[in-house]
Structure formats: structure tokens, C-alpha cells
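What follows is a single structure, written as C-alpha cells, with notes after it.
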Amino acid sequence: MSLRKAVFGMRCFWKPEALFGSLKGVVRTRVGYAGGSKDNPTYHSLGDHTEVVMVEYDPSKISYDRLLEVFWSSHDHGKKRKSQYASKIFYISEDQEKKAMESKKANSVTGIERLETFTDAEDYHQKYYLRSSDLMEEFEELSPEELKDSELAAKANGFEAGYISREEFERYKKRLN
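Numbering-wise (our numbering), the sequence shown opens with residue 294 and increments by one.
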């Protein structure tokens, strides 16, 4: 399986991580910071970076075009916000740049720029909805890096945020265990 990556800024990164993580074909999600000039940004020292979600997906199961549709339909992209909460698409390839430009909505203030660097957000931001639930007990033995890389944790986070049903989560659980 050859995975691809996509990176989106959609205001706060918690909901987008859960939303994208719940989609069929998305294998991993992680939240972080992109687009700025500060070395080693952190949540409390962000500089001009944007909160983003990095999505790793299987293009044989979900297309970049579909991820763009989810991006556009899932946040307010018509209002200018400070860089931390900006609406942005960070492209990784020329094909992504072309598709992002073609998909840009009228009256959108969304920025489209090449991904130069991505810095993981602090561990307590990763899988926020899962971390805030009793279901986290099932993932206690995972290291922070393993939690970020876990497909099941991405689906559990989507479940806890209300994007997938209990039945759908249980099907993922059976398939991934």
C-alpha cells in the first residue's frame, strides 16, 4: 500500500483531525504546525505558523479530490483569521497544487502554499477527542508516536467526536486488530 499525505489548516486542528480520521481510506492523522518562519514552533510560541492536520491516505480508497471536498465543506473559509487559525491548503506535489487551485471556492480567503515544514503539535493535542474519553484506556500502552501512527486511534478519535457510529468503529476495530 503506497500512502500519500495531505495537509490542511481549518481553524483549530482538533475537529479536522477527527473528521479526516473517520474517513474510509484515511490511515493516519496527526496535528501540527506549518507555513511559518519560526524554528520549532509550539502551541504557546507559534509565531506565524498555522494549526494543521496531516492526513495519510490510501489513494486507491480515497482520492485527494475527495479530501478537498471534505476540506471545503467542513469549515468557514470565507473569513480572514490570524495565521494560527487560517484556512490553508498545503500542497506536497504539483498535482495537489493544481487540484487545490482548481477547487478553490469563490469568495474564499483560503491560502494555497507549498508545504515546506511540518512540526508535530504537542502530544496532548494529538487525538484530542480520544484522549478526553474513557476509550483512551484501550490505547494506554501505546507510546505517543504509536498513538499518532495508529489507524485504530484515528478511527476512535473520529468516533468520539461523533463522525462515525459505534457499529462502524467496532467494524474498524475487528478489521485492524
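In this text, a Cβ means the ideal position worked out from N, Cα and C, and glycines have one as well.
On a predicted model such as this, the values are computed, not experimentally measured, just so you know.
Residue j beta carbon less than 8 Å from that of residue i
| i | j | result |
| --- | --- | --- |
| K397 | I385 | no |
| Y456 | S356 | no |
| K331 | H342 | yes |
| E415 | T322 | no |
| V363 | F306 | no |
| K441 | Q419 | yes |
| S380 | V402 | yes |
| S426 | L435 | no |
Within-8 Å CB hit, residue i to chain C
| i | result |
| --- | --- |
| E387 | Reference to chain C is not applicable here, since this structure consists of a single protein chain. |
Distance between beta carbons of residue j and residue i, contact taken as under 8 Å
| i | j | result |
| --- | --- | --- |
| Y422 | E395 | Not confirmed; about 32 Å, so no contact. |
| H487 | R304 | The structure shown does not extend to residue 487, since the chain spans only 294 to 470, so no value can be given for it. |
First through last residue of the beta strand (DSSP E) which encompasses residue i
| i | result |
| --- | --- |
| R359 | Element bounds for R359: not the beta strand (DSSP E) but the alpha helix (DSSP H), Y357 to S366. |
| D413 | F411 to D413 |
| A399 | That residue, A399, is in no beta strand (DSSP E); it is neither H nor E in DSSP. |
| F306 | No beta strand (DSSP E) holds F306; DSSP gives it neither H nor E. |
| A327 | V319 to A327 |
| Y421 | No beta strand (DSSP E) holds Y421; the alpha helix (DSSP H) holding it covers Y421 to R424. |
Endpoints, alpha helix (DSSP H) assigned at residue i
| i | result |
| --- | --- |
| S295 | Careful: S295 lies outside any alpha helix (DSSP H) and carries neither H nor E. |
| F462 | R459 to L469 |
| F452 | E444 to E453 |
Sequence-distant residues of its chain with Cβ nearer than 7 Å to residue i (five each side left out)
| i | result |
| --- | --- |
| G340 | G329, S330, K331 and P334 |
| L428 | A449 and E453 |
| L445 | Y465, K466 and L469 |
| K392 | Y357, D358 and L361 |
| E439 | none |
| K317 | K354 and I355 |
Close beta carbons around residue i, own chain, < 8 Å, minus the five adjacent residues each side
| i | result |
| --- | --- |
| Y417 | R424 |
Contact between the region 401-415 and the region 323-340 (3+ Cβ pairs under 8 Å): yes
Contact between the region 345-353 and the region 299-306 (3+ Cβ pairs under 8 Å): yes
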